[in-house]
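Below is one structure, written out as structure tokens; comments come after it.
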């Protein structure tokens, strides 16, 4: 139960609802227990009539009174049972809602390192399946536990008052049932955990292969992936069957115990009635009903135990994430006004998950409102610089300054709010094109959306679609070309009108003519804004105020376009190569 202590704050939050639910549960069980007493009384009335102890008129009056009381008690028990479920089960839904929000909000603050070391399918499973298991503990398990305790206390008081000996014989098989159900529930719990892990693996496989369906089709490996899926699915099926086999014992076992208890009550009760130990035959009928009423709560003890075990296992998995501390911590609560000046001083960085050294003693300075272009071969550290500016990682050596303030002393949310980032691998959501662009500015008008799209040179493509800006994209924007995705991603960044614009080789999928037009528009849009452009093309870098060239994490060249094309080195060679390719084309 240690892991489930995390939920205590939610139980306290909804304590008044729970107290009302407990009170209603007690009332519902009291009314439910009127039924066996009234049925027993009715049978005694019938017995007295057969013996001639009462008249027909009294028999009718007493029987009618018992029937009316029985109906009234049943109706009231039903109403209070309904209210009990509405109260306690609703509380569990509130707790589920709060816990899901807590998990999701924690996911939001965790660093990239966390997401690189955990699978998406597993993350989704914890916020859905695991939270669902915890909800069962906070709702049904709690409700049935209260219900069982109340029913047992009240019923046993009634039963002992009627016959101590018959009560002892009646409850004798119940502990046996409880132990058997507990052992079966334990096996069910183990097999359920195996099934959950199998489902998580199956979900991850499906999610990854749906996301990469274009790659699967382009390589023609549909048959292989189908075989892999069938193998995983067959394994999951066998695990589900193993679980179903043990679950199939639950109700037959309960019916067997009920049958044995009923036979025992009828036999022992009959002997006691014949011997005169029990004064009336209605008591036997009462106890037969008590057997049926108490058997299910006893069986529930094992079932509830199983639910609690599953909930604790699930909450443990949830707590593992909730106890994970974010690597990037906001150290300043006050919001700050970012102007956009950026300075790297002898910055070195090693990725914590792979131990790859991406930067080695990098230093440069960008004044607010100026443009920096970064060129270099793949793996030279270009993207890493952009990630560090957005403080997606913290550096190991050196210092990064934003507006003469160390980046770690800047308000993290102010910093990221001031940045518009266009990644190399443009990510679009399964939503309309308009909403994907407005992701950068939620309250943007339609005119602002169109203007941003025009500046990104994607407006003509959008209006060419059947539904225009209301066109709903497939997952990750799969319905668009690579160039269209990049340009919509650019529109999303510039509509925000941030003080710092970061472009990570975001024009690699567009032709040179379109690139020239976009760059021209970006020069207007980014006026007085600090801009960092990562590119493999000289055409994207030539108008920058300052250019640096990286190789193996080090700066090997620095200057502007005019100075670098007159200096032997990587930049001049790249310029001449791309110039000749342009002339040939």
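In full-length UniProt numbering, the protein residues as written are 1 to 585. For glycine and all other residues, C-beta sits at the position ideal for the given N, C-alpha and C. Only a predicted model underlies this, so the values are computations on that prediction, with no experimental measurement involved.
Around residue 448, the same chain offers 441 and 495 as residues with beta carbons nearer than 8 Å, after the five sequence neighbours per side are excluded. A distance below 7 Å separates the beta carbons of residue 574 and residue 538.
Under the DSSP assignment, residue 489 falls in the alpha helix (DSSP H) whose first and last residues are 482-494.
Judged by DSSP in its simplified three-state form, residue 406 adopts strand. Contact check for residue 484 and residue 461: beta-carbon distance about 6 Å, within the 8 Å limit, so the pair qualifies. Going by DSSP, residue 349 is part of the beta strand (DSSP E) stretching over 342-350. Just so you know, the alpha carbons of residue 244 and residue 235 end up roughly 14 Å apart.
As DSSP reads the structure, residue 401 sits in a beta bridge with 343 and 406. Per the coordinates, the alpha-carbon of residue 292 lies some 33 Å from the alpha-carbon of residue 131.
A Cβ-Cβ separation of about 24 Å leaves residue 360 out of contact with residue 530 under the 8 Å criterion. Counting along the chain, no beta strand (DSSP E) covers residue 128, and no H or E run does either. Residue 411 and residue 479 have their alpha carbons spaced roughly 38 Å apart. The distance from the Cβ of residue 373 to that of residue 111 is about 28 Å, inconsistent with a contact at the 8 Å cut-off. Take residue 432, set aside five residues on each side of it, and the residues of its chain with a beta-carbon closer than 6 Å to its own are 470 and 472, in chain order. If you look at residue 32, you'll find it in the alpha helix (DSSP H) that goes 15-32.
Burial is judged here by how many other beta carbons sit within 10 angstroms of a residue's own beta carbon; residue 191 has at least 16 and is buried. For residue 461, the uninterrupted alpha helix (DSSP H) run begins and ends at 459-463, by DSSP. In this structure, the CA atom of residue 271 is about 14 Å from the CA atom of residue 282. For residue 107, the closest alpha carbon among the candidates 491, 201, 327 and 516 is that of 327.
Taking 7 Å as the cut-off, the Cβ atoms of residue 66 and residue 42 count as close. Residue 317 is a Cβ neighbour of residue 126, given a cutoff of 7 Å. Secondary structure at residue 316: helix, using DSSP grouped into helix, strand and coil. Here the alpha carbon of residue 40 sits roughly 20 Å from the alpha carbon of residue 259. Check the Cα spacing between residue 19 and each of 231, 84 and 465: the tightest is with 84. Just measuring C-alpha positions, the residue of 342, 352 and 450 sitting nearest residue 363 is 342. Between residue 337 and residue 386, the alpha-carbon positions lie close to 20 Å from each other. Here residue 363 carries a strand assignment [DSSP, helix/strand/coil]. For residue 513, there are no CB contacts under 8 Å within the same chain when 5 residues up- and downstream are skipped. Under the three-state reduction of DSSP output, residue 62 falls in the helix class.
Excluding residues up to 5 positions away in sequence, 493, 496, 498 and 501 lie with their Cβ nearer than 6 Å to the Cβ of residue 420 in the same chain.
The Cβ atoms of residue 185 and residue 331 lie no closer than 7 Å to each other. By the Cβ rule, the segment 339-355 counts as touching the segment 379-394, because three or more pairs are nearer than 8 Å. As the crow flies, the alpha-carbon of residue 450 is around 27 Å from that of residue 414. The distance from the Cβ of residue 380 to that of residue 552 is about 6 Å, consistent with a contact at the 8 Å cut-off. Pairing residue 69 with residue 286, the inter-Cα distance amounts to about 16 Å.
Judged by their CB atoms, residue 257 and residue 177 are nearer to each other than the 7 Å cut-off.
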